[in-house]
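*Asks:* In terms of our numbering, the sequence shown opens at residue 727 and continues consecutively. Where a beta carbon is used, it is the ideal one built from N, C-alpha and C, also for glycine.
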Amino acid sequence: MEELKRLGIFGGTFNPVHMGHLIVAENVRDRLSLDMVLFVPAHIPPHKSVDVAPARDRLEMVRLAVKDNPLFAVSDIELRRQEKSYTVDTLWEIKSQTNADLFFILGSEAFLQIHTWRAPEQLFTLSNFIVMERPGRVVGVGDFEDYLRELEKKLPYFYYRGMEKLEDISIFTVESEKAEAKIYLVSVINIGISSTMIRRFLREGRSIKYLVPKEVETYIKEKGLYRG
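#1: Does DSSP classify residue 761 as helix, strand or coil?
#2: Measuring CB atoms only, is the segment 756-767 touching the segment 729-745, in the sense that at least three cross pairs come out at less than 8 angstroms?
#3: Using the DSSP secondary-structure output, state which residues sit across from residue 900 in a beta bridge.
#4: Write down every uninterrupted run of the beta strand (DSSP E) in the segment 798-840 whose length is 3 residues or greater and which is fully enclosed by it, in chain order.
#5: Let me know the secondary structure DSSP gives residue 881 once reduced to three states.
#6: Would you report the Cα separation of residue 860 and residue 914, rounded to the nearest angstrom?
#7: Would you please state the rounded distance, in angstroms, between the beta carbons of residue 745 and residue 938? I believe it to be under 8 angstroms.
#8: Quick check: the Cα distance between residue 805 and residue 880, rounded to an integer number of angstroms?
#9: Straight-line CA distance for residue 815 to residue 807?
#10: With burial defined as no fewer than 16 other Cβ atoms inside 10 Å of the residue's Cβ, what is the status of residue 920: buried or exposed?
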């Protein structure tokens, strides 16, 4: 990772990883000119606790899903901790291993809860953020700005500095603990696939063909995942 200039960090449960994850990751990588997207499966997600496959299985499924794309990679950084996964810890560790600018990728629903995360004010000193908006879940520039102004009241040494447009991407500049970060609000296509839907299909004995990469489908069947 030492030679990279712009590294995307795509964290999540990936329970399981599916085609939607890959499509939006590639879309964001292309539009934001990222050199690579690093998928980071969570060991024990702090905000989720039910129906989660073993961490090693989720990691292996992501490895299978990204192995044919040289611009995608996967990290076991959170699995090695053997404890709940907190984004701030992950970003600190990745930052210590690379000189690249970091771009943390997440959905708008997750970003709008960032004030509840561990050490949220530190997050903006470590990484930029790419916030994905999906059709039907559009926040809008005005509401997004309102949230950033609310963060000014909730987080110490956090300041919203303004917004600019680059084609169809809204770019918000913030400052936290004297470090500047960019937040990119990006509309992505709605794939209509979710991990919840895939788990339900598997419980019901329905096909998940074309919803996940073929090797992931085979792995799920061989391991008997999500059948209970």
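*Replies:* To lay it out plainly:
#1: coil
#2: yes
#3: 886, 907
#4: 798-800, 827-833
#5: coil
#6: 6 angstroms
#7: 6 angstroms
#8: 31 angstroms
#9: 10 angstroms
#10: exposed
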